[in-house]
Amino acid sequence: MAYIRKRLGKWQCVIRIKGKPATTKTFLIKKDAQLWGKKTELNFFREDNDIQKNHYLLFKECLERYRDEIVIHKRSRVMETKLISYLLKESFVSYKLNFVDSRVVAQYRDRALKTLKSSSVRRRLAIISHMYTIAKKEWGYKIENPVLNIRKPRSPEPRNRRFADHELDKLVKGNRTSPKLRSIIQIALETAMRQSEILRVKPEDINGNILFIPITKTKPRTIPLTLKAISLLNNAELPFNITGNALSKQFRKLCKHYGIEDA
451 MAYIRKRLGK WQCVIRIKGK PATTKTFLIK KDAQLWGKKT ELNFFREDND IQKNHYLLFK
511 ECLERYRDEI VIHKRSRVME TKLISYLLKE SFVSYKLNFV DSRVVAQYRD RALKTLKSSS
571 VRRRLAIISH MYTIAKKEWG YKIENPVLNI RKPRSPEPRN RRFADHELDK LVKGNRTSPK
631 LRSIIQIALE TAMRQSEILR VKPEDINGNI LFIPITKTKP RTIPLTLKAI SLLNNAELPF
691 NITGNALSKQ FRKLCKHYGI EDA
């Protein structure tokens, strides 16, 4: 409901309705504030009738459906499920789906950027955006995607950090490097394969001096192998039984132990 209050010599109308973000506007004249409040409440009433006809879910309910029906089939389901659990803790998830507009999402972006890296915020926004796309195209909701109308955080500059020879020597030959991690590092150096590709390699993917990777970040590809790469792969226990997240943690811990900074 709308209520009027005097603040700093002006009249402020505040409208609070369950399932919607609070709406506020300030006027010089009290009558203008009252008229605006009545008109805005009427618009909300009409929107509520439309919601009842279209059965709009809460943002929370839609995000949970997206997690259970869409994300579960993605290769990145573990990471996205974790990010969704963070989103579900936000206050705006209690709003109706069509009331989470670009203003609400922009406010969330600005809050998130105070504690998260821009890349982390971009990933969360990408989840919200795809959820709205699915809700509109596949679930029949007449809604617009609010993420498309806001500025995205800038992507960080690509890293061009290259390990020095003495750093690589520590990582490969150091006594704190496990056999599995040593094997992964050596394969990466010899083949220039991505981490996700290395962790997915199976013995049957190797055919002579050719490695076939059926699923990659972009598309399936074949990688010609050197004699050293063939030897490394043949001597490794494939597939590597470790997740990308666990491997990254182990690698950072190892670099810290060897005094390798900015790895």
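Position 77 (the sequence shown) corresponds to 527 in this note's numbering; numbering is contiguous. For glycine and all other residues, C-beta sits at the position ideal for the given N, C-alpha and C.
Taking the alpha helix (DSSP H) that Val554 falls in, what are its first and last residues?
-> If you number the sequence shown from 1, residue 554 lands on position 104. Note, Val554: alpha helix (DSSP H), Ser552 to Ala562.
Apply the 10 Å Cβ neighbour rule to Pro596 and answer buried if 16 or more other Cβ atoms are within range, or exposed otherwise.
-> Counted from its first residue, the sequence shown places residue 596 at position 146. Buried.
Could you tell me the distance, in whole angstroms, from the CA atom of Thr672 to the CA atom of Leu661?
-> Taking the sequence shown and counting its residues from 1, one reaches residue 672 at position 222. Taking the sequence shown and counting its residues from 1, one reaches residue 661 at position 211. Approximately 6 Å between the Cα atoms of the pair.
Rounded straight-line distance, which links the Cα of Glu491 to that of Ile663 = As a position in the sequence shown, residue 663 is number 213, starting the count at 1. As a position in the sequence shown, residue 491 is number 41, starting the count at 1. Spanning the two alpha carbons is a distance of roughly 58 Å.
How do the segment 571-591 and the segment 637-651 stand: do at least 3 beta-carbon pairs fall below 8 Å, yes or no?
-> no
Excluding five sequence neighbours on each side, which residues of the same chain lie with their C-beta closer than 7 Å to the C-beta of Arg573?
-> By one-based count along the sequence shown, residue 573 stands at place 123. If we look at Arg573 and ignore the five residues flanking it on each side, its Cβ neighbours are Leu533.
By a C-beta neighbour count over all protein chains shown, 10 Å radius and 16 as the cutoff for buried, is Glu594 buried or exposed?
-> Reading the sequence shown from its first residue, position 144 is the one you call residue 594. Result: exposed.
Same chain, Cβ closer than 6 Å to Lys699, neighbours up to 5 away in sequence not counted | For the purposes of this step, residue 699 is taken as the residue at position 249 of the sequence shown. Excluding sequence neighbours, Lys699 sits near nothing in its chain.
Runs of beta strand (DSSP E) wholly within the segment 609-665 (minimum 3 residues, chain order) = 660-663
Alpha-carbon to alpha-carbon, Tyr536 and Arg559 | Within the sequence shown, residue 559 is the residue found at index 109, counting from 1. Within the sequence shown, residue 536 is the residue found at index 86, counting from 1. Whole-angstrom Cα-Cα distance: 13 Å.
Between the segment 648-658 and the segment 611-624, are three or more C-beta pairs nearer than 8 Å?
-> no
Would you identify the three-state DSSP class for Trp421, choosing helix, strand or coil?
-> No answer is possible for residue 421: the residues shown for the chain start at 451 and end at 713.
In or out: Glu711 buried (at least 16 other Cβ within 10 Å) or exposed?
-> Start at 1 with the first residue of the sequence shown, and residue 711 comes out as number 261. It is exposed - the Cβ of Glu711 has fewer than 16 other Cβ atoms within 10 Å.
C-alpha distance - Arg466 paired with Ile577, whole-angstrom precision | In the sequence shown, the residue the question calls residue 466 occupies position 16. In the sequence shown, the residue the question calls residue 577 occupies position 127. Their Cα atoms are separated by approximately 28 Å.
Considering Arg515, what are the terminal residues of the beta strand (DSSP E) in which it resides?
-> Taking the first residue of the sequence shown as 1, we reach residue 515 at position 65. Arg515 -> not in any beta strand (DSSP E); alpha helix (DSSP H) instead, spanning Phe509 to Glu519.
Pick out whichever of Leu621, Phe509, Leu575 and Ser605 has its Cα sitting closest to the Cα of Asn599.
-> As a position in the sequence shown, residue 599 is number 149, starting the count at 1. If we check each option's Cα against that of Asn599, Leu575 comes out closest.
Taking the C-alpha atoms as reference points, what is the distance between Ala679 and Gly658?
-> Along the sequence shown, one-based indexing puts residue 679 at 229. Along the sequence shown, one-based indexing puts residue 658 at 208. Looking at the two C-alpha atoms, the distance is approximately 11 Å.
Since I believe Leu621 is in contact with Tyr708 (beta carbons under 8 Å), could you give me their beta-carbon distance rounded to a whole number of angstroms?
-> As a working note, residue 708 is residue 258 in the sequence shown. As a working note, residue 621 is residue 171 in the sequence shown. The pair is a contact, with the Cβ atoms about 7 Å apart (cut-off 8 Å).
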